[in-house]
DNA sequence: CGTTTCGATCGAATCGATTCGATGCTAGCC
DNA sequence: GGCTAGCATCGAATCGATTCGATCGAAACG
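Here it is in structure tokens:
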């Protein structure tokens with residue numbers, strides 16, 4: 001006969017247990033000691049009423065935090081197609097999860113202004129403007145930028161693009177390469193830095209074109225360059241996925257890698273479907289993710305968080321050889 | 001002199017504009033008409049005070065919704081390594097994003113009981129129990145299960161595993177194959193269905209072993225089977241990624257595909273780094289994602305939502321040939 | 001034995017909006 | 001002119017907790 005009764009609240013539990021609302025709250029939150037007998041009475045009442053714990057919405061309002069961190073990655077499907085992005089995401093999620101925070105995917109155009117976010121991670125390489133930025137600033141949401149534009153008020157996590165890129169270029173130069181071309185990402189901070197590193201060694205390196213980190217995309221980009229490829233003896237890519245695309249396309253066109261063409265990548269991720277190990281610049285993806293998440297935690301806690309610049313390392317594989 | 005003044009609230013704006021709190025609220029929410037002059041006064045006051053819109057936390061509490069939908073996918077890095085998962089995620093995000101809902105990643109072990117979720121999508125093939133399930137039920141959170149166990153109270157989105165698998169098996173049978181082996185996923189509803197479909201045609205098909213949808217994993221799984229492979233002439237996999245792994249490993253061992261060994265996959269995703277088109281069972285990934293998201297919206301709206309069963313289609317590629 | 005201290009509990013204020021029902025005012029109508 | 005609608009606005013209740021400060025006993029102390 002008791003219609004669809006609404007879900008019990010903490011007040012119901014408190015009443016049923018014969019304690020005050022505040023005591024019931026303390027029982028669940030543990031923020032102050034509660035005697036064992038009282039705790040049991042409250043928990044018993046909760047169990048009987050089918051109370052499933054404090055309403056998160058109410059807690060959030062009171063505490064002024066939502067427990068949710070946004071991560072902007074552009075288009076989901078393209079962003080995560082590159083294993084490097086996944087490794088990073090994994091590390092971020094690990095740290096935030098341990099801190100009890102959830103990770104909310106922010107895709108490009110959606111309007112997330114209505115969602116309560118405790119902080120936002122911006123990890124869209126290859127984009128320099130962002131509609132949501134002004135809004136986040138207005139709402140005082142801490143922003144952690146990964147390899148992006150150095151926006152005022154945000155914390156900045158980055159790697160040594162230029163150093164790594166230059167080291168790779170020197171490796172090629174030492175192998176005797178003189179005519180080097182590069183596949184780029186969209187114009188962006190990391191892209192500019194990496195290109196600068198390349199030009200430290202090869203000032204006249206040719207740009208074949210820009211594309212995202214996707215095997216098919218890079219294949220169609222370099223396809224015609226490989227037919228009539230002029231004097232180029234090495235191609236430097238901005239990700240291992242791009243490099244894999246170049247290797248596959250080169251082979252399809254009858255070129256041997258590395259004998260006829262040296263190919264280099266960036267990131268240092270596993271490419272199990274390629275039968276050679278790429279020469280690449282290994283970046284500490286897990287460290288980058290951890291550093292990002294730690295920065296988020298710090299900013300949420302209101303601490304002063306300093307920017308992070310992580311080192312990279314050249315890894316010489318089987319995809320580069322003397323010119 | 002005015003210390004760190006706290007962020008302005010709607011009450012401040014209302015006072016400054018000389019209107020009531022309710023009118024100010026209506027100005028922002030648009031739930032009831034407000035005269036143009038009043039609206040302008042309110043907006044002007046808001047601009048002057050630097051008010052950046054209603055606090056989402058407060059709105060959420062009042063409305064009893066958070067605007068966030070959780071999606072459980074197991075380990076992030078492994079879940080998204082398969083492009084099929086990404087395609088699905090993309091479609092889900094598209095629909096939910098358009099509805100103003102955010103998508104929160106729930107990884108395995110994190111405790112998300114403290115987060116306010118309007119609904120949860122369960123998309124972990126290969127798992128039959130879930131610690132969070134009881135909790136979600138207790139909290140009355142709508143649950144949409146994709147290819148998972150048919151849990152009471154949840155909405156169920158699935159594809160025709162058995163039909164597709166049987167169609168593929170018949171294709172192999174028609175090619176003259178009689179000795180077929182299969183690589184499986186962890187024991188789960190879709191795996192059982194697919195295996196049943198396979199055994200409809202090949203009752204004695206041999207199971208090589210189970211592994212996740214990952215090139216490297218499948219390679220090490222089938223490695224020794226390919227050396228001394230007995231009478232097997234075809235291997236049926238549970239994903240295109242698995243199939244790609246088998247193809248690569250077979251070639252590494254000197255077997256030609258499809259001349260010496262036929263290989264089939266499942267999903268119908270692009271494998272640009274493979275130079276042949278896989279024979280596979282194409283599932284409508286975008287439709288599946290859309291249906292999932294629509295089910296979520298329906299459940300949140302309190303509607304009766306019926307389960308969805310989507311069709312699949314056999315696609316014959318270059319990886320299967322006469323035995 | 002009087003006083004201090006400490007732990008457990010309680011009452012009330014608070015977080016910042018949304019929304020129901022009531023009120024006042026103007027316009028339309030006969 | 002009197003009456004009814006309808007629109008804009010307002011006051012107050014509400015969402016469901018957390019948390020500050022006060023209170024009350026009992027234990028510890030000199």
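Chains as they are written, first to last, in the UniProt record's numbering: chain A, 1 to 323; chain B, 1 to 323.
Ideal placement from N, C-alpha and C gives every residue a C-beta, glycine not left out.
Just so you know, these numbers come straight off a predicted model, no measurement behind them.
When B:29, B:108 and B:94 are compared against residue 105 of chain A, the one with the closest alpha-carbon | B:94
Answer with yes or no whether the minimum CB distance from residue 66 of chain B to chain A is below 8 Å.
-> yes
8 Å Cβ cutoff, residue 112 of chain A in contact with chain B = yes
Starting from residue 133 of chain B and walking both ways along the alpha helix (DSSP H), at which residues does that stretch end?
-> 131-138
Starting from residue 280 of chain A, trace the alpha helix (DSSP H) both ways and give me its first and last residue.
-> Element bounds for residue 280 of chain A: not the alpha helix (DSSP H) but the beta strand (DSSP E), 280-282.
Does the Cβ-Cβ distance between residue 193 of chain B and residue 171 of chain B come in under 8 Å?
-> no
Going by alpha carbons, who is nearest to residue 49 of chain A out of A:73, A:82, A:79 and A:11?
-> Considering only alpha carbons, the answer is A:11.
Contacts of residue 81 of chain A in chain B (Cβ-Cβ under 8 Å) = 83 and 86
Do we get a CB-CB distance below 8 Å when we pair residue 145 of chain A with the residues of chain B?
-> no
What are the start and end residues of each continuous alpha helix (DSSP H) run of 4 or more residues lying completely inside the segment 226-265 of chain A, in chain order?
-> As summarised for the segment 226-265 of chain A, the continuous alpha helix (DSSP H) elements at least 4 residues long and confined to that stretch are 240-252, given in chain order.
Which runs of the beta strand (DSSP E) spanning at least 3 residues fall entirely within the UniProt domain "HTH lacI-type" (8-63) of chain B, listed in chain order?
-> none
Which residues in the same chain as residue 225 of chain A place their Cβ atom closer than 6 Å to its Cβ, once the five residues preceding and following it in sequence are excluded?
-> 208
Would you verify that the beta carbon of residue 139 of chain B is, or is not, closer than 8 Å to some beta carbon of chain A?
-> Residue-level contact by beta carbon holds for residue 139 of chain B and chain A, with a gap shorter than 8 Å.
With distances taken Cα to Cα, identify the nearest neighbour of residue 283 of chain A among A:215, A:140 and A:267.
-> A:267
Using three-state DSSP, classify residue 71 of chain B as helix, strand or coil.
-> strand
Cβ-Cβ distance between residue 123 of chain A and residue 72 of chain A below 8 Å | yes
Got a sec? Which residues, its chain only, sit under 7 Å from residue 311 of chain A by beta carbon, not counting five neighbours each side?
-> 160
Using a Cβ cut-off of 7 Å, pull out every chain A residue sitting near residue 273 of chain B, in sequence order please.
-> 215, 244, 248 and 273
Limits of the unbroken alpha helix (DSSP H) element including residue 206 of chain A | Not the alpha helix (DSSP H): residue 206 of chain A falls in the beta strand (DSSP E), residues 206-210.
So, is the C-beta of residue 219 of chain A closer than 8 Å to a C-beta in chain B?
-> Closer than 8 Å: yes.
Should residue 1 of chain A be labelled buried (16 or more other beta-carbon atoms within 10 Å of its own) or exposed?
-> Bear in mind that the predicted position of residue 1 of chain A carries a pLDDT of just 43, short of 50, making it unreliable; the figure below should be weighed with that in mind. The residue is exposed, with fewer than 16 neighbouring Cβ atoms inside 10 Å.
Mind reading off the beta-carbon distance from residue 255 of chain B to residue 317 of chain B? Whole number of angstroms is fine, and I expect it under 8 Å.
-> Actually they are not in contact, since the Cβ atoms of residue 255 of chain B and residue 317 of chain B sit about 17 Å apart, beyond 8 Å.
Measuring alpha carbon to alpha carbon, tell me which of A:126, A:196, A:13 and A:291 ends up nearest residue 210 of chain A.
-> A:126
On the DSSP bridge assignment, give the partners of residue 102 of chain A in chain order.
-> Bridge partners of residue 102 of chain A: A:68.
DSSP state of residue 124 of chain A, grouped into three classes?
-> Correct three-state label for residue 124 of chain A: coil.
Residue 148 of chain A: contacting residues in chain B (beta-carbon distance under 7 Å) = Neighbours of residue 148 of chain A on chain B: none; closest Cβ ~21 Å, over 7 Å.
Along chain B, which residues have their Cβ under 8 Å away from the Cβ of residue 58 of chain A?
-> 61
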